[in-house]
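Scroll down for the structure; my scribbles are underneath it.
Numbering (the UniProt record's numbering), first residue to last: 1 to 323.
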């Protein structure tokens, strides 16, 4: 079934009721990149029976080795359903080759540069067309890095992003061995033997990641590396980004430490910038980890309401502001 989009081909793959939620799954074929085979799955969640009263749109971006189930379990639990039940119009994107998005022809070469330059703008255009509103964006880990790349590269701007929330996302952690050129070169030679990294074998998650992402990360963290591509310095571009911004780190996050998440926040030029470090020393029930900051019993009680408050007020609840 063809959607009503006038932007590019969009197929409505399914329209189902999941208990008290409505679930529409779209497949976008924007045809805006060097690989015309790219198709992107986008799941829309709302309250069953109230589809005509959808609220403010929010786009959720999963991290590496993940898919839409990070936000939305088969039992209807997750930040996605929480926000939908709170009245938000929730859109859950799945990157190339993840979840319901098929692997594109050049899957092996997929990079954050492609996601930020081509895929997120296409998702933004479709959501804006369908809702007639500017969406809020929330990314976890690599999802947040991809959102930062799109903003810093000026592929997304204030006409597509009402606010941005970055959970466990950073680019400043230093991997000293990669600063030694022979080590980086050896890593490249080794990785180029593979088409993808297996999330299940590495015990990182249910999905694979294309080797292009790993090679791109090696370049970022090399001796003369930078957060950007051959055309644009995304890190430098963040200074010109003015959208309201929330960054969240966690005391127990060993993968993306809180200090580095805060450094990413501070690079933005936004006048409205808020930072939260989830840990007992700041009044939270747990020293949250990288995944637990959004997927845990404590997160349901403490973090999800915080997200809802931010999306409504674009500021943290009284008592949570951290210097």
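Glycine residues also receive a C-beta, built at the ideal position from the N, C-alpha and C atoms.
Being a predicted model, the structure only gives us computed values, none of them experimental.
Sequence-distant residues of the same chain with beta carbon closer than 7 Å to residue i, five excluded per side
i           : result
residue 7   : 125, 126, 129
residue 305 : none
residue 75  : none
residue 302 : 284, 285
residue 80  : 45, 60, 71, 72, 90, 92
residue 16  : 23
residue 275 : 247, 262, 265, 322
Buried versus exposed, by CB contacts within 10 Å (16 or more), residue i
i           : result
residue 46  : buried
residue 1   : Confidence at residue 1 is low in this model, with a pLDDT of 44, below 50, so its placement is unreliable and no value can be given for it.
residue 224 : exposed
residue 146 : buried
residue 208 : buried
residue 253 : buried
residue 202 : exposed
residue 63  : buried
residue 319 : exposed
residue 313 : exposed
residue 230 : exposed
residue 259 : exposed
residue 267 : buried
residue 190 : exposed
Integer Cβ distance of residue i from residue j, believed to fall under 8 Å
i           : j           : result
residue 149 : residue 116 : 4 Å
residue 37  : residue 110 : So it is not a contact: roughly 11 Å between Cβ atoms.
residue 40  : residue 93  : 7 Å
residue 83  : residue 222 : Actually they do not touch by this definition, with Cβ atoms about 38 Å apart.
Chain-order list of residues whose beta-carbon lies under 6 Å from that of residue i (same chain, five-residue window excluded)
i           : result
residue 255 : 290
residue 134 : 162
residue 278 : 250, 284, 288, 293
residue 118 : 32, 33
residue 9   : 29
residue 137 : 59, 147, 161, 164
residue 310 : 246
residue 317 : 309
Residue nearest to residue i in terms of C-alpha spacing, selected from the options
i           : options            : result
residue 210 : 275, 108, 250, 269 : 108
residue 11  : 42, 99, 17, 231    : 42
residue 66  : 233, 259, 204      : 204
residue 121 : 72, 160, 78, 296   : 160
residue 324 : 257, 164, 215      : Any question about residue 324 goes unanswered here, given that the chain covers just 1 to 323.
residue 132 : 276, 54, 230       : 54
residue 257 : 166, 35, 52, 95    : 166
residue 244 : 123, 315, 51, 68   : 315
residue 5   : 227, 123, 106      : 123
residue 102 : 297, 317, 13       : 13
residue 179 : 52, 220, 317       : 220
residue 184 : 168, 18, 217       : 217
residue 299 : 51, 106, 18, 78    : 78
residue 213 : 106, 236, 271, 100 : 106
Close beta carbons around residue i, own chain, < 8 Å, minus the five adjacent residues each side
i           : result
residue 20  : 47, 48, 76, 85
residue 269 : 238, 239, 240, 241, 242
residue 206 : 65, 66, 67, 69, 199, 200
Cβ contact (3+ pairs, closer than 8 Å) linking the region 273–283 and the region 194–207: Segment contact: the region 273–283 against the region 194–207, fewer than three CB-CB distances shorter than 8 Å; contact not assigned.
Would you be able to state if there are at least three C-beta pairs under 8 Å between the region 247–266 and the region 163–174? Yes, since at least three Cβ pairs between the region 163–174 and the region 247–266 fall closer than 8 Å, the two stretches touch.
Would you check if the region 57–64 and the region 80–90 touch, i.e. whether three or more CB-CB distances between them fall below 8 Å? Contact between the region 80–90 and the region 57–64 is present, because at least three Cβ pairs lie under 8 Å.
Any chance the region 153–169 sits against the region 236–245, with 3 or more Cβ pairs inside 8 Å? The answer is yes - the region 236–245 touches the region 153–169, with three or more Cβ pairs under 8 Å.
Would you be able to state if there are at least three C-beta pairs under 8 Å between the region 20–33 and the region 140–147? No, the region 140–147 is not in contact with the region 20–33.
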